[in-house]
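The sequence shown begins at 18 in this note's numbering and counts up one residue at a time.
Glycine included, every Cβ here is placed at the ideal spot set by N, Cα and C.
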Amino acid sequence: MKSPVPDYLTEILDACGGDAGALAGYIPELASADPDRLAVCLSTIDGKLYRAGDSGTEFSIQSISKPFVYALALADHGLDDVLERIGVEPSGEAFNELSLERDSRRPRNPMINAGALTAHALVGDPGDDVDTRVERVRRLMSDFAGRELHVDRRIYESEMSQAYRNLAIANMLRSYGVIGQDPRDVVRGYTQQCAISVTSSDLATMAATLATGGVQPTTGKQVVPEKVARQVLSVMMTCGMYDAAGDWMTTVGFPAKSGVSGGILGALPGQLGMAVFSPRLDSHGNSTRGVRICTRMSADMGLHIMQAPEPARSTVRRDRTLRGPDGSLARVCSLQGSMQFSSVERVVRTVTDGLPIALFVLDLRRVSSVNDVARRMLAEIVRRLQLDGAEVALLDPDHVLPLSEQAVVRLPERWSSLAPLEGYERV
Ligand code: GLU
18 MKSPVPDYLT
28 EILDACGGDA
38 GALAGYIPEL
48 ASADPDRLAV
58 CLSTIDGKLY
68 RAGDSGTEFS
78 IQSISKPFVY
88 ALALADHGLD
98 DVLERIGVEP
108 SGEAFNELSL
118 ERDSRRPRNP
128 MINAGALTAH
138 ALVGDPGDDV
148 DTRVERVRRL
158 MSDFAGRELH
168 VDRRIYESEM
178 SQAYRNLAIA
188 NMLRSYGVIG
198 QDPRDVVRGY
208 TQQCAISVTS
218 SDLATMAATL
228 ATGGVQPTTG
238 KQVVPEKVAR
248 QVLSVMMTCG
258 MYDAAGDWMT
268 TVGFPAKSGV
278 SGGILGALPG
288 QLGMAVFSPR
298 LDSHGNSTRG
308 VRICTRMSAD
318 MGLHIMQAPE
328 PARSTVRRDR
338 TLRGPDGSLA
348 RVCSLQGSMQ
358 FSSVERVVRT
368 VTDGLPIALF
378 VLDLRRVSSV
388 NDVARRMLAE
398 IVRRLQLDGA
408 EVALLDPDHV
418 LPLSEQAVVR
428 LPERWSSLAP
438 LEGYERV
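Encoded structure:
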């Protein structure tokens, strides 16, 4: 059977056509790009890549490099140090505004140029030269993409020939002591970072790496720590789409970053990464067709991050109370799906609401994952039941609940949850 996903993506491209918008004019090489190029790519978090349109066309990454270099600065220096230098508040200003927070003198966030230049300057050691910093950035982005990326020298030279605004921003940063290096070197490095060449397939894969918590889906490499990926996605959510971030949040609803060359990268944590490419830009500087495509995909595929997830009650599959021949009570609680706070809270309620239990059987055979708080809560339930004198038995052949220190009975894999309860009757 042929997969319906590529057909769906092609259909989206056909439906979201039109030629509204203009090419970015302030970088000469971008002004001569082919305005009709159009691509959409989607990467699952296990690395399956779906593409449609001009998915092999290379273009300069531009501002979409900002989240990745912010990630590198965070990985190099830790969150507290980076927060001292760069804020996380949406600015509501143009991306290339010469502005700093009034009291702290920090750039407002790492997605505007002031913050991105600062993040670039933070990479590695303060004494590193331009080439060393650029090479580290190129290396990290290649790790995200799972292939070697390179700097497009033509784009770099072209942007440098007109980089007056970024030089002004870097000089402002230097004058306030936000960066310590020569402002010209920081702009040279940052402009090369923006001139790294990517395809929309690369961007979808890079997005999927953020969506998995920093693990590149095809190489399996932990490219940045999970906490760094979360921080980056959070800032993308509030500041990633220039001054249309509020519109984007309410209509499309997943973390994204766009760039003046016409790319948009989007990541839905735990689910997928995606990218679109179409060079004509709207009045906010976002790809016109790109925004249309993302809006449509979010609606079709239910990708809005604020969409309420499965209700927790569906995670308690069955909950039975049985009475044994000696009159003592047994409780058999079967769970399914992913365990998090709200689902385990349902279990807490089932065991605290009733009569004293002599035997508690926790059936986890259909549980797919247990997050940290759920694991701690389940362990605590087991401990408290045991303190109350109950015997606890786990049906957990896949060890989704590691309770090595607990004296629980692990029931054999093939055990039907009712077999040792022979003689028991439903209450
Ligand atoms: N290199 C571009 C600049 O700094 C990136 C801008 C963007 O993509 O938003 O002006």
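Which of helix, strand or coil does DSSP assign to A187? helix
When we look at the beta-carbon of D160 and count the other beta-carbons within 10 Å, is it buried (16 or more) or exposed? buried
What residue range is occupied by the uninterrupted beta strand (DSSP E) comprising I281? G280 to L285
Are the beta-carbon atoms belonging to A56 and R313 less than 8 Å from one another? no
Could you tell me whether any non-hydrogen atom of the ligand GLU is closer than 7 Å to the CB of Q388? The identity of residue 388 in the sequence shown is Asn, whereas the question assumes Gln. It does not: the Cβ of N388 is nowhere closer than 7 Å to a heavy atom of the ligand GLU.
For a test of your reading of the model: does the CB of C256 fall under 7 Å from any non-hydrogen atom of the ligand GLU? Yes or no. no
Let's see if you can read the secondary structure: which residues bound the alpha helix (DSSP H) around R170? R170 to M177
Cβ-based neighbour list, G132, same chain, cut-off 6 Å, excluding 5 preceding and 5 following: I103, P124 and N126
Note down the Cα distance separating S49 from L40, rounded to an integer number of angstroms. 8 Å
Across which residues does DSSP place E442 in a beta bridge pair? R340
Roughly how far, in whole angstroms, is the beta-carbon of F112 from the beta-carbon of G302, given that I think they are within contact range, below 8 Å? 7 Å
How many Å lie between S72 and V293 at the Cα? 9 Å
Looking at C-alpha atoms only, which residue of S218, P242, D219 and S217 is the closest neighbour of T229? P242
In the structure shown, what three-state DSSP assignment does A396 receive? helix
What does DSSP give as the partner residues of K244 in its beta bridges? Per DSSP, none; premise fails for K244.
If we call anything under 8 Å between Cβ atoms a contact, is S60 one with S278? no
Determine the extent of the alpha helix (DSSP H) in which K238 is found, giving its start and end residues. That residue, K238, is in no alpha helix (DSSP H); it is neither H nor E in DSSP.
If L339 and L285 are in contact, beta carbons under 8 Å, what's the gap, nearest whole angstrom? Not quite, the Cβ-Cβ distance comes to about 42 Å (not below 8 Å), so this is no contact.
Using 8 Å as the threshold, is the C-beta distance between A246 and G231 below it? yes
DSSP three-state assignment for Q357, whether helix, strand or coil: coil
Considering only DSSP beta bridges, list what Y67 is partnered with. L59
Can you give me the C-alpha to C-alpha distance between R431 and G257, rounded to a whole angstrom? With a pLDDT of 49 at R431, under the threshold of 50, the modelled position of that residue is not reliable, and no figure is offered here.
Relative to the C-alpha of A136, which residue among G287, G280 and Y207 is closest? Y207
Residues near A185 by beta carbon distance below 8 Å, same chain, minus five either side: L115
To the nearest whole angstrom, what separates the beta carbons of G141 and R156, a pair I think is in contact under 8 Å? The Cβ separation is near 11 Å, so there is no contact.
Under a three-way DSSP split, which group does S80 fall into? helix
Put A273 into one of helix, strand or coil per three-state DSSP. strand
Would you mind sorting Q79 into buried or exposed? The rule is 16 or more other CB atoms within 10 Å of its CB. buried
Under 7 Å: does the beta carbon of V249 sit that close to some heavy atom of the ligand GLU? no
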